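So the protein sequences, as listed, match chains A and B.
Just so you know, the numbering used here puts 94 at position 94 of the first sequence, and the rest follows in order with no gaps.
Just so you know, the numbering used here puts 377 at position 190 of the second sequence, and the rest follows in order with no gaps.
Cβ atoms here follow ideal geometry from the backbone N, Cα and C, with glycine treated the same way.
It should be emphasised that the depicted structure is a prediction, and the values quoted were computed from it without experimental measurement.
Remarks on the structure that follows.
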Amino acid sequence: MLLNMIWLSLVNIKRRTLFSVLLFAMAFLVACSLFLANLTHKLLSLPDTVEFRQFFYTVLYSVLAVSALMLSAISAVSTNLRREEYAILRTFGAQRSDIFLLAVFESFFLCFFGALSGILLVMLLILTKALYIPYFFEGIMRVSLYRLIGIGGQAVLLSVLIEVAVSAVLLFLILRKDILELERGRL
Amino acid sequence: MTIKAQSVSKRYRSPVSKASVIDAVAGISLDINVGSSTVIYGPTGSGKTTLLRMLSGISKPTSGEIIFHTLHYTETGDRKLSSFRERYIGYVPQRSMLIKDLSVFENVISPNAFRQRHIRSLKSAARTLLERLNLEDTAQRKPDTLSGGESRMVMIARAILTRPAFLFADEPVSELDDDSAKLVLDLFSELKRDGSAIFIASHEPLAFGGNTDLYAIKNGRITEHTRGGHR
Ligand SMILES: Nc1ncnc2c1ncn2[C@@H]1O[C@H](COP(=O)(O)OP(=O)(O)O)[C@@H](O)[C@H]1O
Ligand SMILES: [Mg+2]
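Written out as structure tokens, the structure is:
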């Protein structure tokens, strides 16, 4: 049944291109900014980088806050627009838990790959020195791979969690209703 | 296997005034056996849709009981009733109920994909069924590009994809031309031969094979019952 869930979620992602692209992009931004902020914290500990570090933090945390907010908002709107679909699926036998699971799968695919590509891009920029920050390149060469994966994983987890949590809360509110009410709400 | 309805009623609060009520279905009793066919006919507003939705376990009676084996609809929680619908019930709604973002092909499969079957077998069953209903050209289209009759046929395909033991079809052929109606009714007869129960609501008595139970319904009550010979 795992295969069925994967098929269902990929179909839904494909058919709702606009929301999929938006969610992907926001997860990308959340992960990029959190990853960079954490790296900055790790790598720029020298005294002569204080001013630069503060500037950098301000920028990164603003981007993080805005993109996290956008991610939640887009996720909420997209879930809400799908009431009618949930009513239909419920009518033909889908459990509430099936719909939750489907939402989790969709969020996971979008946000996991969005966040992952964000982190890979940041790494690429640092390693090719396209993103030039004093001591960054030298610093990152000394960080162990596990550490790096840990910091990256944290960023991925955060964006996936935001999306899953927001859609789960909304789904809970929507799916509490019985099917008839759910259907009436579609008009 | 039988679904038994015992003096089933459904009372709606009137949408206009809070005090008055509508008895959409008022004390209907009937049995639905697998391998049988039933047509219930009556004018608009007589309670056919309400009855079909209750029998399929989509909404619950206000009073009375519907029983399948040991499952009593009114006492059964959402989880169990959902999985009962999933396993045993096919339902063709009267008005269009298709997911507007998905293609016809995906619409036929998706509500059926949560359990039971493997996605690959669902896909090949859907292809075969759409071909039989002459819908293969619409498979990749979105529901809002379909005619009323076409979307009805898509909903029929979705309902019978997993060959449910009980099929409830709400005015399945009222929007169809004669050829398409024949195609659909032939498909229903085939299902019946294979052991499913076919239960059709229609605004006029419908000729559907032999041995069909006919019920006339008016103001939520059965006014006439013609047995369809021995089975
Ligand atoms: N959700 C509802 N709320 C209030 N009244 C309803 C609702 N659904 C149906 N009714 C009323 O119940 C009666 C039976 O409707 P319905 O079952 O749709 O009849 P039919 O399918 O035979 O046309 C009608 O008078 C209709 O207005
Ligand atoms: Mg009706």
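- Relative to ligand 1, even the nearest heavy atom lies 7 angstroms or more away from the CB of residue 413 of chain B.
- Counted as a single uninterrupted DSSP element, the alpha helix (DSSP H) harbouring residue 83 of chain A occupies residues 83-91.
- Annotation for residue 233 of chain B indicates a beta carbon within 7 angstroms of some heavy atom of ligand 1.
- Straight through space, the alpha carbons of residue 177 of chain A and residue 92 of chain A are spaced by roughly 16 angstroms.
- The Cβ-Cβ distance between residue 395 of chain B and residue 372 of chain B falls below 8 angstroms.
- Residue 79 of chain A has a beta carbon lying at 8 angstroms or more from every beta carbon in chain B.
- With respect to chain A, the C-beta atom of residue 284 of chain B has a partner C-beta closer than 8 angstroms.
- Per DSSP, the unbroken alpha helix (DSSP H) holding residue 236 of chain B starts and ends at 235-242.
- For residue 120 of chain A, not one C-beta of chain B is nearer than 8 angstroms to its own C-beta.
- Residues of the stretch 17-30 of chain A with a Cβ closer than 9 angstroms to any Cβ of chain B: none.
- At least one heavy atom of ligand 2 lies less than 7 angstroms from the C-beta of residue 357 of chain B.
- Look at residue 290 of chain B here: in three-state DSSP terms it is coil, with no helix or strand label.
- With respect to residue 252 of chain B, residue 327 of chain B sits apart: the two C-beta atoms are not nearer than 8 angstroms.
- For residue 385 of chain B, there is no enclosing alpha helix (DSSP H); the residue is found in the beta strand (DSSP E) stretching over 384-389.
- At least one CB of chain A lies nearer than 8 angstroms to the CB of residue 298 of chain B.
- If you draw a straight line from the Cα of residue 162 of chain A to the Cα of residue 99 of chain A, it comes to about 18 angstroms.
- Rounded to the nearest whole angstrom, the C-alpha separation of residue 168 of chain A and residue 368 of chain B is 43 angstroms.
- With respect to residue 279 of chain B, residue 407 of chain B sits apart: the two C-beta atoms are not nearer than 8 angstroms.
- Excluding its 5 nearest sequence neighbours in each direction, residue 67 of chain A has C-beta neighbours in its own chain below 6 angstroms: 26, 29 and 30, listed in chain order.
- If you draw a straight line from the Cα of residue 197 of chain B to the Cα of residue 238 of chain B, it is about 8 angstroms long.
- DSSP places residue 114 of chain A inside the alpha helix (DSSP H), whose first and last residues are 96-127.
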